[in-house]
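Have a look at the structure below, then the notes.
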């Protein structure tokens, strides 16, 4: 009986102690649990924030790597473009140097041709003038010979001797005329060759277009003809002398009469031809002005 009561007392005492402990420790345990839960949530938020920051850093790293790759590609492309431009510049410089050399060569050839052309023109003009003088001399000598033949019977032996002299001068003038004509033909051939080379030179210059444009010469307007008398009606004045007199400004018989023999000789280009006498031209011009025909005597 006593032992049962003892066990019942011990059991009741243990239950009372458990109840007392539960009432005392339970609030503390619950408070610590809540504190642990708060700390756990705080740590979780920090962990989530750290994860977001790590993800953002990863994305930024990827973007930076992509940007770096694009920059490297652009840099390589820029280097390739620079190399290509440098090659083109070197090629253009070489072409420009070659074109400059070719242009210098063409300019030298042009100067040579221009000098040769000027010399040919001078020689051609001199030969043409000499030929015209020879032809004029032949015409004048033929007229003198005809006149000598007409007056030979009246003048006797003196006229015959003069006619013989005229024949000699005529033969000499004809020979000189043939020689001058040959020289004139040779000079014309050289002038034609110079013109051909000049045309080729101009064609090459046109292809280069680096010599600049050469200004074309302005067209020369033809002078209007001056009305005047027919100077060829005067014996001893043929087409050559008439043209030379016109070039000197002598167009009329009045101008012939007003000029001195020396002035007419210079205007007609008469140098050593003794058979041409401008004084006779003046006399014939006076006859024509008087209303008659030129007196051939």
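Numbering (my numbering), first residue to last: 1 to 297. Cβ coordinates follow ideal geometry from the N, Cα and C atoms, glycine included.
Buried/exposed call for residue i, threshold 16 Cβ in 10 Å
i: residue 15; result: exposed
i: residue 276; result: buried
i: residue 319; result: As shown, the chain starts at 1 and ends at 297. That puts residue 319 outside it, with no answer to give.
i: residue 205; result: buried
i: residue 169; result: buried
i: residue 225; result: Here the model assigns residue 225 a pLDDT of 46, short of 50, so the residue's position is not dependable, and the following value carries that caveat. The residue in question, residue 225, is exposed, as its Cβ has fewer than 16 Cβ neighbours within 10 Å.
i: residue 242; result: buried
i: residue 264; result: buried
i: residue 64; result: exposed
i: residue 40; result: exposed
i: residue 12; result: exposed
i: residue 270; result: buried
i: residue 29; result: exposed
i: residue 256; result: buried
i: residue 187; result: buried
i: residue 223; result: Residue placement at residue 223 is poorly supported in this model, since its pLDDT is 44, which falls under 50; the coordinates still yield a value, given next. With fewer than 16 other Cβ atoms within 10 Å, it is exposed.
Of the listed residues the options, nearest to residue i (C-alpha basis)
i: residue 260; options: 280, 23, 241 and 103; result: 280
i: residue 108; options: 242, 202 and 271; result: 202
i: residue 266; options: 247, 26 and 284; result: 247
i: residue 252; options: 269, 288, 270 and 278; result: 288
i: residue 254; options: 132, 243, 229 and 269; result: 229
i: residue 129; options: 5, 278, 283 and 244; result: 244
i: residue 238; options: 9, 256, 268 and 103; result: 268
i: residue 232; options: 136, 29, 199 and 184; result: 136
i: residue 258; options: 282, 24 and 119; result: 282
i: residue 126; options: 181, 77 and 33; result: 181
i: residue 278; options: 262, 51 and 199; result: 262
Beta-carbon separation (whole angstroms), residue i vs residue j, contact threshold 8 Å
i: residue 302; j: residue 140; result: Nothing in the structure corresponds to residue 302, since the chain is present only between 1 and 297.
i: residue 285; j: residue 234; result: 6 Å
i: residue 208; j: residue 102; result: 6 Å
i: residue 240; j: residue 172; result: The Cβ separation is near 18 Å, so there is no contact.
Reduced DSSP category for residue i - H, G, I as helix; E, B as strand; rest coil
i: residue 254; result: helix
i: residue 277; result: coil
i: residue 175; result: helix
i: residue 260; result: coil
i: residue 248; result: coil
i: residue 168; result: helix
i: residue 13; result: helix
i: residue 235; result: coil
i: residue 271; result: coil
i: residue 228; result: coil
i: residue 290; result: coil
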